[in-house]
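Written out below as structure tokens is the structure these notes cover.
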Ligand SMILES: NC(=O)c1ccc[n+]([C@@H]2O[C@H](COP(=O)([O-])OP(=O)(O)OC[C@H]3O[C@@H](n4cnc5c(N)ncnc54)[C@H](O)[C@@H]3O)[C@@H](O)[C@H]2O)c1
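Residue numbers (our numbering): 16 to 189.
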């Protein structure tokens, strides 16, 4: 399976990508390798991942809409694990924009990239795994759910998020 793992140089993203390539998946790891903590640790993780043939690394920022769209168009992932994020709380007092850029704009770009890439394919419309606070949420919004909610096929990410909030039956929580 082709899996896009964002935040692949980070703590959880690294272990996720490693497990996936070890079981034979093809992984595109995306990370901007920012300096929130020691970059050498992130580079060391990427060196481990690069030993696997199934792993490719893309240095990109999730807030860069074009780069994210290109990654989806070229790699064509079957699954997306979105673990790139600005973690922590105290850092927000020094650098509040890092949170909106990575966690809001970046997540929106992932949703938009996913929807654009699969809108002409059958199957679940969205299947994104994301870590929110201390919980991991698997969101899966099926085409049938979209029809039931009267949502257009060219669904936009904001509408998707609203739909997820409105229709808990459309979403599996794990
Ligand atoms: N570590 C935990 O115990 C834990 C527990 C529950 C949830 N989470 C959540 O899981 C997520 C990942 O946590 P982590 O511990 O792996 O953090 P981390 O900081 O180790 O990893 C995040 C990675 O994302 C990258 N990144 C950040 N912003 C980016 C952007 N705009 N574009 C591309 N890459 C970007 C960073 O360079 C980093 O490598 C966070 O949302 C965190 O809140 C973490």
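No residue lacks a Cβ here, since even glycine has one placed at the ideal position from N, Cα and C. None of these values were measured; they are calculated from a predicted model.
Alpha-carbon spacing of residue 116 relative to residue 108, whole angstroms: Sequence index remark: in the chain shown, residue 116 carries index 101 (1-based). Sequence index remark: in the chain shown, residue 108 carries index 93 (1-based). For residue 116 and residue 108, the distance between alpha carbons rounds to 15 Å.
Exposure label - residue 60; buried when at least 16 CB within 10 Å: Your numbering for residue 60 matches position 45 in the chain shown. So residue 60 counts as buried.
Could you have a look at residue 118 and say whether DSSP puts it in helix, strand or coil? Here residue 118 refers to the residue found at position 103 of the chain shown. Note: residue 118 maps to helix in three-state DSSP.
Sort out for me which residues DSSP pairs residue 35 with in a bridge. Taking the chain shown and counting its residues from 1, the one referred to as residue 35 is at position 20. Residue 35 is not bridged to any residue.
For residue 41 and residue 16, the rounded distance between their alpha carbons: One-based indexing of the chain shown puts residue 16 at position 1. One-based indexing of the chain shown puts residue 41 at position 26. Cα to Cα, the separation comes out at about 6 Å.
I need the straight-line Cα distance from residue 105 to residue 32, nearest angstrom please. Reading the chain shown from its first residue, position 90 is the one you call residue 105. Reading the chain shown from its first residue, position 17 is the one you call residue 32. For residue 105 and residue 32, the distance between alpha carbons rounds to 28 Å.
Alpha-carbon spacing of residue 65 relative to residue 112, whole angstroms: Position 50 of the chain shown, counting from 1, holds the residue named residue 65. Position 97 of the chain shown, counting from 1, holds the residue named residue 112. Each residue's Cα considered, the two are about 31 Å apart.
Here's a check: name, in chain order, each residue in its chain whose Cβ is nearer than 6 Å to the Cβ of residue 120, leaving out the five neighbours to either side. Taking the first residue of the chain shown as 1, we reach residue 120 at position 105. The answer, listed in chain order, is 78.
When DSSP labels each residue in this structure, what does residue 55 get in the three-state scheme? Against the chain shown, residue 55 aligns to sequence position 40. Looking at residue 55 - three-state DSSP - the assignment turns out to be helix.
Quick one: what does DSSP say residue 79 is sitting in, helix, strand or coil? To locate residue 79, count along the chain shown from 1; it is residue 64. DSSP places residue 79 in coil when its eight states are reduced to three.
Quick one: what does DSSP say residue 46 is sitting in, helix, strand or coil? The residue labelled residue 46 in the question sits at position 31 within the chain shown. In the structure shown, residue 46 sits in a strand (DSSP, three-state: E or B).
Would you say the beta carbon of residue 45 comes nearer than 7 Å to a heavy atom of ligand 1? Start at 1 with the first residue of the chain shown, and residue 45 comes out as number 30. Checking the Cβ of residue 45 against ligand 1 gives yes.
Along the chain, where does the beta strand (DSSP E) that runs through residue 18 open and close? Here residue 18 refers to the residue found at position 3 when the chain shown is read from its first residue. Secondary structure note for residue 18: its beta strand (DSSP E) is the uninterrupted segment 17-21.
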